[in-house]
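Chemist: Chains as they are written, first to last, in my numbering: chain A, 1 to 327; chain B, 1001 to 1499. All C-beta atoms in this analysis are idealised placements derived from N, C-alpha and C, irrespective of residue type, glycine included. Owing to the predicted nature of the structure, the values given are computational and were not obtained by experimental measurement. Would you mind keeping the following structure in view while I ask a few things?
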C-alpha cells in the first residue's frame, strides 16, 4: 500500500510541476505578445512591404501602381551616386570602428583601475554625449566647425597651428573627417561602458594567481585580459559596426550630404528619394536601395556574428583544455 | 502573490491605454457641442497650408471671418513647410484630407483629380470672376482639369523673382549710399572692395549655398542677361533652351555666372560661411550686419520685417554681367494654390470661406506686405504702406515675362513630366555650384555638359515611353522657334506654330 501511494505520489508530483511550468510559459507568451505585435506591425511588415514596393515605380500617393519588375534594382546597381553613398557609409563605419575599438578599450582599462579616483565622474562625463540628441549635435557642430569666427578655427589659429581658417565643412575630405570625428565622439561613452562591463565580468582569481606568479602589468594584459576579452570584443565589434552603418540624423544636420555628395551616406540617399520635395518622391526606387543596403548590413552582421561565435568557441575550447589538465 | 502582481500590472496597462484612447474623442465631442445656441449648426473647417510667410495673414483673416460667421470655426494648424509633402502624402494614403489644403508639386492637380480627391470649384468661378485674374492663371493640369476649376490661386502667379537685398546700416558704415548699389558685376566687385577695406569681418555678399533650389534659380535669372534663350525656370526645366528644344546647362550664361560666384569667393568678397549655410542662416547674418548684400526671393521682405525685426534694408534687381536686363519664366501656371477635398462635409461653409479668401485674404497679403494678389485689380488699387514690399513687387512685376510652355501646346507633356521625374539626374545647378565652390568639381564646363547630356537622354526616353503608351507627343512640343525672349508669348503665338 505504501509503495503504491509512493508511486502514485511520485507520478503526481512531476505532473503538478509540469502544469506549473506550462502556466508560467503561458504568462510569458502573454507578456511577449504586445511587443511581438509591435515588432510584426512596425518592423517586419514595413520590411516585407519594401520588398514589394521595390518592384514598382510608385510615388507614394494613391494606390500602388506601375509595376517595373527588376528595373529599380538594376538601376540602383548601375547608379554611380548610390555606390558613392555606399562607399561613404563603409568608410564612415570602418573609420569609426578602427578609431573607437582601441581608444575605448584603453579608456575602459584606465577607468577600471581600482585606485583611480573619480571613476564615476569620468564615466558620466564620457557617457554624456551618448544621450544627447544627434540632430542637435549636428547643428551645433556645424557652428563649431564653421568658417567665420568659429571655435575650432579660432582655437587652432590662436595656438599657432593654422594661419588661415580651414573650411572644415566646405571641402570634401575634411567634411568626412569632421563627420567621423563627431560620430566617434558621440558613441565613445557607449563602447567604453560595454568594455567596462566586459572587464568587470572577468574572473578575479586568475588575476590573483598571476600576481602571485609575479606577472607584470603588460604580461597580465597580453596573456589574461585580452584573450579573455575576445568574446566580449567580438560582440562589441558587431554592435559598433551595425551602429555605424546607419548615420542619418548627424549627416542631415551637419553636412546634408556634404559638398556635392561627398558625405552622402546610403541612409540620406534613400531619404532623399523617398521624401523628395523637388518633383515626385520615388518610393519604389528608395525601397530598392534600402533592400541592397539592408542585405549588405545583414551579411556583415552574419560574418561578425560567426566571428563572435568562433571566439566564444575558442574560449570554451581553451577552458575545457585547461580543465582536462592541459596548458 | 506573483499572480496578483501580474494581474495588477496588466489591469493598469489596460486602463491606461483605454483612458488615452478615450481622451481624444472627448475633446472632439466638446468642440462640437459647445455652441448649442443659434439656429445654424456649428461647423469646423480645417485648412492646411505650406506658406509660413502667410501664417500671420491667415490668423488675422480667420478672426475677421469668424466674427462675420460665428457658427463657422476655421482651424489652421501650423505645419513646417518641409514636412508638408510628407503630411499630405499620409493624408492622401489614409483618405483623410482636410477640407481645404495647399497644393504641392509632388502631388499635382492631375493626380489628385484622377484619384478623385478634389472638389470642383466651378460655382465660385463664373467667367467674369476668372477674367479678374492674370492671363494664363487658368491652365489645364494646374488650376483646371477637363475645363473645370479645381484649384484656387493663393499668390500672384508672377512670382517669385530673385532679388538682391542691401543692408543700409552696413552701407552707411562703409561710407556708401543707396546710389552705390551695384547693377553690374564690375560694380559689385568695386563696391565689394570698398566694403572689405572698411571692416575685416563684414563681407559684401552672403549666399545660402546649401539651399540648392534658390541658388539654381538665381543663377538662371542672372544668366538670362547673357544667353536669354535658356529660359530661367525652376525644377526639371531649368537650363532648357526653349528655342532649340534641348537642355543646355553649359551655355555661356550659366558657366560665366558660376565662375563669377567662384571668383567672388576667391577674392574674399563672398562671406566664407556661405558654402555651409542655408538661405535662412544667410539672411539672418545679413540682418545682423555681417554682409552688405544677400540674394534671395522676394518673399524675404516680409521674413526680414516680421521674423528678423529688421527694416533698414532695400531691394534691388540682381546685378547682371554688363548691367543688361534679366527676366524669369512666367509660364502661366499657378504654383501656389489651394484645393478642396472631395469628401468635405461642409462644402457650403468652405465656399463662404473661399469667397472671403478672394475678397479679403488676397487684400491682407498685400496690406501686410507678404505677396501680390492673384487678382490684377487688387494689385493696382491697393495702397500698401510698406516701401520695401512695394519696391520688391515692382521689381518682381518687371522681371516676369509670359513665356512658352509645353503643357499649353500638348497636354500629354504632363505625362512626360511624370516620367522625367523618375529618369532625371539628381544633380542640379545649385549642387554643382556647391561642388565647384568646394573645389570638388575642377571641370565646370565638362560637368555641365554631362548634366545636359543626361537630361536630354532622360527627356527623350520619357517622351518615347509616353508616346509608346499611345499619347501623341514629341520633342517638337518643347520647341518654340517663333519665341523671342523678353517678349510675352501670348496665345496667338501658339496658334502661329500650328498643330
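#1: Within the region 1059-1101 of chain B, note down every full alpha helix (DSSP H) run reaching 4 residues or more, in order along the chain.
#2: Residue 1074/B and residue 1092/B look like a contact to me (Cβ under 8 Å); what is the Cβ gap, rounded to whole Å?
#3: Going by DSSP, name the residue or residues bridged to residue 1164/B.
#4: Leaving out the 5 sequence neighbours to the left and right, which residues in its chain are closer than 7 Å to residue 18/A when beta-carbon positions are compared?
#5: Using 10 angstroms around the beta-carbon of residue 311/A, count the other beta-carbons present and answer buried if the total reaches 16, otherwise exposed.
#6: Find the nearest neighbour of residue 335/A within the set 90/A, 66/A, 76/A, 15/A, judged by alpha-carbon distance.
#7: Measure the beta-carbon distance from residue 1167/B to residue 1299/B and round it to whole angstroms, keeping in mind my assumption that it falls under 8 Å.
#8: With which residues is residue 1153/B paired in a DSSP beta bridge?
#9: Please state the DSSP three-state secondary structure of residue 144/A.
#10: Taking the C-alpha atoms as reference points, what is the distance between residue 187/A and residue 1278/B?
#11: With DSSP run on the structure shown, which of helix, strand or coil describes residue 1104/B?
#12: Who are the near neighbours of residue 1107/B in its chain, counting only those whose CB is closer than 7 Å to its CB and skipping five residues on each side?
#13: For residue 1403/B and residue 1079/B, I'd like the C-alpha separation in whole angstroms.
#14: What residue from 1337/B, 1320/B, 1196/B has the CA that sits closest to residue 1269/B's CA?
#15: Suppose the cutoff is 7 Å on Cβ atoms and the five residues either side in sequence are ignored; what does the same chain contact list for residue 1323/B look like?
#16: From which residue to which residue does the alpha helix (DSSP H) around residue 1361/B run?
#17: Where does residue 265/A sit, in a helix, a strand or coil, going by DSSP?
#18: With DSSP collapsed to three states, give me the class of residue 1207/B.
#19: Quick one: list the residues of chain B neighbouring residue 256/A, beta-carbon separation under 9 Å, in chain order.
#20: Leaving out the 5 sequence neighbours to the left and right, which residues in its chain are closer than 6 Å to residue 1333/B when beta-carbon positions are compared?
#21: Would you mind stating whether residue 100/A and residue 191/A have Cβ atoms separated by less than 7 Å?
#22: To the nearest angstrom, report how far apart residue 231/A and residue 301/A are at their CA atoms.
#23: Hey, residue 1438/B and residue 171/A: beta-carbon distance below 7 Å or not?
#24: With DSSP collapsed to three states, give me the class of residue 1329/B.
#25: Okay, do the region 90-104 of chain A and the region 240-253 of chain A touch, 3+ Cβ pairs below 8 Å being the bar?
#26: Is residue 1089/B close to chain A, meaning its C-beta is less than 7 Å from at least one C-beta of that chain?
#27: Residue 83/A lies in the alpha helix (DSSP H); which residues open and close that run?
#28: Quick check: the Cα distance between residue 156/A and residue 163/A, rounded to an integer number of angstroms?
#29: Can you tell me which of 1327/B, 1067/B, 1048/B puts its alpha carbon nearest to the alpha carbon of residue 1076/B?
#30: Check whether the Cβ of residue 1095/B lies closer than 7 Å to any Cβ atom in chain A.
#31: Residues in its own chain within less than 7 Å of residue 1415/B by CB, not counting five upstream and five downstream?
#32: Which chain B residues sit within Cβ distance under 9 Å of residue 61/A?
#33: Assuming the contact rule is C-beta atoms closer than 8 Å, residue 1229/B and residue 1210/B should be a hit. Round their C-beta distance to whole Å, please.
#34: Evaluate residue 1032/B with the Cβ neighbour count: other Cβ atoms within 10 Å of its Cβ, from every protein chain shown; 16 or more gives buried, anything less gives exposed.
#35: Please go through the region 23-85 of chain A and give each complete alpha helix (DSSP H) segment of 4 or more residues, from N-terminal end onward.
#36: Is DSSP giving residue 1184/B helix, strand or coil here?
Modeler: According to the structure data:
#1: 1084-1093
#2: Stepping through the second chain from its first residue, residue 1074/B is reached at position 74. Stepping through the second chain from its first residue, residue 1092/B is reached at position 92. Incorrect: roughly 22 Å between the Cβ atoms, too far for contact.
#3: Along the second chain, one-based indexing puts residue 1164/B at 164. Paired residues: 1295/B, 1316/B.
#4: Here residue 18/A corresponds to residue number 18 of the first chain, with the count starting at 1. Here the set comprises nothing.
#5: Locating residue 311/A in the first chain gives position 311, counting from the first residue. Answer is buried; the Cβ neighbour count reaches 16.
#6: Summary: the structure shown does not reach residue 335/A, with chain A confined to residues 1 through 327, and so no result is reported for it.
#7: Along the second chain, read from residue 1 onward, the residue named residue 1167/B stands at position 167. Along the second chain, read from residue 1 onward, the residue named residue 1299/B stands at position 299. In fact, because the Cβ distance is near 18 Å, the residues do not count as touching under 8 Å.
#8: Along the second chain, read from residue 1 onward, the residue named residue 1153/B stands at position 153. Beta-bridge pairing links residue 1153/B to 1337/B.
#9: As a working mapping, residue 144/A is identified with position 144 in the first chain. If DSSP states are grouped into helix, strand and coil, residue 144/A belongs with the helices.
#10: Taking the first residue of the first chain as 1, we reach residue 187/A at position 187. Taking the first residue of the second chain as 1, we reach residue 1278/B at position 278. Roughly 28 Å between the two C-alpha positions.
#11: On the second chain, position 104 is the one that residue 1104/B refers to. Three-state DSSP puts residue 1104/B in a strand.
#12: If you number the second chain from 1, residue 1107/B lands on position 107. Here the set comprises 1088, 1092.
#13: In the second chain, the residue the question calls residue 1403/B occupies position 403. In the second chain, the residue the question calls residue 1079/B occupies position 79. If I take the Cα positions, the gap works out to 33 Å.
#14: Taking the second chain and counting its residues from 1, the one referred to as residue 1269/B is at position 269. Among 1337/B, 1320/B, 1196/B, the Cα nearest to that of residue 1269/B belongs to 1196/B.
#15: The residue labelled residue 1323/B in the question sits at position 323 within the second chain. Excluding residues within five positions, the ones whose Cβ falls inside 7 Å are 1183, 1184.
#16: Locating residue 1361/B in the second chain gives position 361, counting from the first residue. Neither: residue 1361/B is in no alpha helix (DSSP H) and is coded neither H nor E.
#17: Here residue 265/A corresponds to residue number 265 of the first chain, with the count starting at 1. The answer is coil: DSSP assigns residue 265/A none of H, G, I, E or B.
#18: Taking the first residue of the second chain as position 1, residue 1207/B is located at position 207. The answer is coil: DSSP assigns residue 1207/B none of H, G, I, E or B.
#19: As a working mapping, residue 256/A is identified with position 256 in the first chain. Simply 1210, 1278.
#20: Your numbering for residue 1333/B matches position 333 in the second chain. Hits under 6 Å: 1139, 1142.
#21: By 1-based counting over the first chain, the position of residue 100/A is 100. By 1-based counting over the first chain, the position of residue 191/A is 191. Yes; because the gap between Cβ atoms is below 7 Å, this pair is in contact.
#22: Within the first chain, numbered from 1, the residue matching residue 231/A stands at position 231. Within the first chain, numbered from 1, the residue matching residue 301/A stands at position 301. Whole-angstrom Cα-Cα distance: 15 Å.
#23: Within the second chain, the letter at position 438 stands for residue 1438/B. Within the first chain, the letter at position 171 stands for residue 171/A. Yes.
#24: Within the second chain, residue 1329/B is the residue found at index 329, counting from 1. Strand, per DSSP.
#25: yes
#26: One-based indexing of the second chain puts residue 1089/B at position 89. Yes, because at least one Cβ of chain A sits closer than 7 Å to the Cβ of residue 1089/B.
#27: Indexing the first chain from 1 puts residue 83/A at position 83. Segment 80-112, the alpha helix (DSSP H) holding residue 83/A.
#28: Sequence index remark: in the first chain, residue 156/A carries index 156 (1-based). Sequence index remark: in the first chain, residue 163/A carries index 163 (1-based). Those two C-alpha atoms are separated by around 8 Å.
#29: Within the second chain, the letter at position 76 stands for residue 1076/B. The residue with the shortest Cα to Cα distance from residue 1076/B is 1048/B.
#30: Taking the second chain and counting its residues from 1, one reaches residue 1095/B at position 95. No, residue 1095/B lies away from the interface with chain A (no Cβ there is under 7 Å from its Cβ).
#31: In the second chain, the residue the question calls residue 1415/B occupies position 415. Here the set comprises 1466, 1471.
#32: Mapped onto the first chain, residue 61/A falls at position 61. Ordered by position in chain B, the residues that pass the 9 Å Cβ test against residue 61/A are 1088, 1089, 1092, 1093, 1106, 1107, 1111, 1112, 1115.
#33: Along the second chain, one-based indexing puts residue 1229/B at 229. Along the second chain, one-based indexing puts residue 1210/B at 210. Rounded, the Cβ-Cβ distance is 30 Å, inconsistent with contact.
#34: The count along the second chain starts at 1 and reaches residue 1032/B at position 32. Residue confidence for residue 1032/B is low, a pLDDT of 42 falling below 50, so the modelled location carries little weight; the figure read from the coordinates is stated next. Exposed, because fewer than 16 other Cβ atoms sit within 10 Å of the Cβ of residue 1032/B.
#35: 45-53, 71-78
#36: Here residue 1184/B refers to the residue found at position 184 when the second chain is read from its first residue. Looking at residue 1184/B - three-state DSSP - the assignment turns out to be strand.
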